[in-house]
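J.: Pasting a structure below so you can have a look.
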């Protein structure tokens, strides 16, 4: 039998504990990031993530049409102390979770702690400790200046394959400034594979998803039939940053119908085109 285990994380947010508790629970659908692998139910059916208030309330994924009442229950609330503590147990595994909200200078420390009992199973229950610092922290930093409207991912996503995906992901973040919704893998290639294969690496460009996948076998040929176009806030600054961080410039900034673009190759020779974004682009 395995021993009991504890997993935890924390983040400091610049709002008071009462507001932080309210944002965590009432605004869960707004801070829970949409993505291909971010749900317990079939991701293609999830319409909303909802936290019902009070002991006995549920954390659910609302499926299809909210009017039908079809849900997947993630958890059942076992402790409800607004502004202080929140706890739940999950019917999906044996993980017990408590979230605390403690006043600190400048705001609130939000701590997520999971207990996996001796002999118990973790089938995703500890994911909260991985996503709350980045997802909830980002939401608290922006919730006073953005619309309280869930922004789902775009209908078109992109997967790019690399012989060294971990190194490529770090390079894309450094040279091109791409932002990940999760921590990038810190290990060296090849990364150890888990139950579901190679570790998931996902960037967000606006509301579009860019996945970095492991290249199986050898790269075939030099013909490029697919070249991603990425719209950036400041084309000249992006060009200078990419060039200074090792991108191979194929075409410098030049006029293109409707805008200006530049073209660059990354560390494994994949080609990218960058163009100026409009102020209204997400």
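In the numbering used here, the protein residues as written are 1 to 282. Glycine included, every Cβ here is placed at the ideal spot set by N, Cα and C. Everything numeric in this text was worked out from a predicted model, so none of it was measured.
1) Counting pairs of Cβ atoms below 8 angstroms between the region 253-262 and the region 198-213, do you hit three or more?
2) In chain order, which beta strand (DSSP E) runs of at least 3 residues are fully inside the region 138-197?
3) Going by beta carbon distance, what residues of the same chain come within less than 8 angstroms of residue 259, once the five residues before and after it are set aside?
4) Does the beta-carbon of residue 74 have 16 or more other beta-carbons within 10 angstroms, so that it is buried, or is it exposed?
5) Is the Cβ of residue 136 closer than 7 angstroms to any Cβ of chain B?
6) Quick check: what's the CA-CA separation for residue 44 versus residue 220?
7) If you draw a straight line from the C-alpha of residue 248 to the C-alpha of residue 157, how long is it?
8) Residue 101 bridges to which residues according to DSSP?
9) Could you please give me the residues that DSSP links to residue 210 through a beta bridge?
10) By DSSP, does residue 72 sit in helix, in strand, or in coil?
11) Count the other CB atoms within 10 Å of the CB of residue 38; is the residue buried (16 or more) or exposed (fewer)?
12) Check whether the region 117-135 touches the region 164-174, taking contact to mean three or more Cβ pairs, one atom from each stretch, closer than 8 angstroms.
13) Just to confirm my understanding: we take residue 273, look at its own chain, exclude 5 residues before and 5 after, and list those with CB closer than 6 angstroms. What are they?
14) Helix, strand or coil: which one does DSSP assign to residue 7?
T.: Inspection of the coordinates gives the following:
1) no
2) 158-162
3) 275, 276
4) buried
5) Here chain B cannot be found, since the structure has a single protein chain.
6) 33 angstroms
7) 24 angstroms
8) 110
9) 158, 203
10) strand
11) buried
12) no
13) 227, 229, 261, 263
14) strand
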